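For the numbering used here, add 15 to where a residue sits in the sequence shown, where the first one is 1.
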Amino acid sequence: MLSAGLAEAVALDGLIWLVLAAFLAGLIRGFSGFGSAMVFLPVAGQFVSPIWALSILAVMDLFGPLPLLRAASKKVMRADLFRLISAMLLVLPLALWVLSRSEPILFRYLVSGLTLALLALLLSGLRLPANLPKPLLYMVGAISGATGGLAGLPGPPVIFYFMASPYAADRVRANTLIYLFSFDVLILMVMILGAYLQFVPILIGLMLAAPIALGNLAGAKIFNPEYEKLYRIIAFCLIAFSAIHSMPVWE
């Protein structure tokens with residue numbers, strides 16, 4: 016089974032592009048702190064099914080945050096995370112069910128469209144009002160479960176919420192890190208229970224764990240706080256290029 020799965024994974028059409036996309040996704044996250052899914056998924060959607068794309072992303076994304084989890088766990092707001100994760104988990108299975116019955120071309124348009132819309136929001140400088148009511152976290156978690164299950168993009172709703180919170184920057188990063196890691200674990204569990212997860216995308220995700228980790232290290236290495244705005248501009252441009260270039264309309 017392992018040898019047959021490896022043979023199928025290595026023979027995948029477009030594997031080299033997935034390797035490059037994984038490295039670039041890690042690089043973008045390394046120097047900007049966000050955007051890995053927004054880079055990887057538009058590319059992956061050209062070569063594999065939507066469920067495979069999300070499976071590969073979840074597996075390869077599990078390993079990057081591992082060294083940071085212990086420190087982050089000391090700064091998380093546990094009540095906030097409980098609200099976010101519980102609401103996300105209620106919506107995620109339904110979103111995955113809808114995705115599994117959707118045409119792959121719709122997934123590609125949805126990923127590209129959501130990516131470009133989120134970029135527009137980031138560029139607009141839009142911020143939510145500060146001190147939003149805590150129950151709103153359930154709505155944020157539910158939206159995250161929907162965008163995560165349908166398009167593999169659970170992060171932006173949560174990030175927008177925490178950017179409006181009164182928490183210090185290190186706590187915002189810690190909450191976001193733990194939440195996104197929890198999402199990766201839970202989406203894989205939901206995929207197993209729903210019989211969506213297959214062996215080959217797991218192998219591909221494991222193969223891509225090294226490129227995305229190297230990208231993270233390279234991005235963190237070249238990061239210089241004095242040029243943070245320049246890095247974000249580069250990240251925005253690369254994400255936009257990935258989203259636009261991957262639209263089926265060009266085929």
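C-beta: ideal position from N, C-alpha, C; glycine also.
What you are looking at is a predicted structure, and each value in this text was computed from that prediction instead of being measured.
Apart from the five residues just before and just after residue i, which ones in its own chain have a Cβ nearer than 7 Å to its Cβ?
i: Met222; result: Ala24
i: Ala189; result: Ala87, Lys90 and Val91
i: Arg44; result: Gly50, Ser51, Asn231 and Gly234
i: Met75; result: Ala37, Gly220, Leu223, Ala224 and Ile227
i: Leu212; result: Ser70, Leu203 and Met206
i: Ser261; result: Pro57, Val58, Gly60, Gln61, Arg123 and Ser127
i: Leu83; result: Leu192
I need the DSSP call for residue i, collapsed to helix, strand or coil.
i: Asn190; result: helix
i: Phe78; result: coil
i: Glu118; result: coil
i: Lys244; result: helix
i: Leu165; result: helix
i: Asp185; result: helix
i: Ser261; result: coil
i: Val34; result: helix
i: Phe196; result: helix
i: Tyr211; result: coil
i: Phe251; result: helix
i: Ser147; result: A small correction: the amino acid at residue 147 is Leu; Ser does not occupy that position in the sequence shown. Leu147: coil per DSSP, three-state reduction.
i: Val63; result: coil
Along the chain, where does the alpha helix (DSSP H) that runs through residue i open and close?
i: Met178; result: Gly170 to Met178
i: Met222; result: Phe214 to Ile237
i: Val91; result: Looking at the DSSP string, Val91 is not in any alpha helix (DSSP H), and its letter there is neither H nor E.
i: Ser51; result: Ser51 to Ala59
i: Leu21; result: Leu17 to Val25
Hey, residue i and residue j: beta-carbon distance below 9 Å or not?
i: Ser257; j: Thr162; result: no
i: Phe196; j: Pro80; result: yes
i: Gly234; j: Phe46; result: yes
i: Gly41; j: Ile227; result: yes
i: Gly164; j: Leu114; result: yes
i: Leu203; j: Leu27; result: no
i: Asp199; j: Ala102; result: no
i: Pro263; j: Ile120; result: yes
i: Ile100; j: Leu201; result: yes
Leaving out five residues on either side along the sequence, give the residues of the same chain with a beta carbon under 6 Å from the beta carbon of residue i.
i: Val187; result: Phe177
i: Gly20; result: Phe214, Val215 and Leu218
Using a Cβ-Cβ cut-off of 8 Å (strictly less than) and excluding sequence neighbours within five positions of residue i, which residues of its own chain qualify?
i: Lys149; result: Ala94, Asp95 and Arg98
i: Thr191; result: Gly170, Val173, Ile174 and Phe177
i: Ile254; result: Ile43, Gly50, Met53, Val54, Thr130 and Leu134
i: Gly160; result: Ala102, Met103, Leu104, Leu105, Val106, Leu107, Ala110 and Pro169
i: Leu229; result: Phe38 and Gly41
Using a Cβ cut-off of 9 Å (strictly closer), state whether residue i contacts chain D.
i: Gly230; result: In the displayed structure, chain D is absent; only one protein chain is listed.
**OP:** State whether the region 122-138 contacts the region 87-100, with contact taken as three or more CB pairs (one from each stretch) at a distance under 8 Å.
**Re:** No contact exists between the region 122-138 and the region 87-100.
Original post:
If you pair each beta-carbon of the region 118-126 with each one of the region 174-182, do three or more pairs fall below 8 Å?
Top reply: no
**OP:** Kindly confirm or deny that the region 102-109 and the region 52-69 touch, where touching means at least three C-beta pairs closer than 8 Å.
**Re:** no
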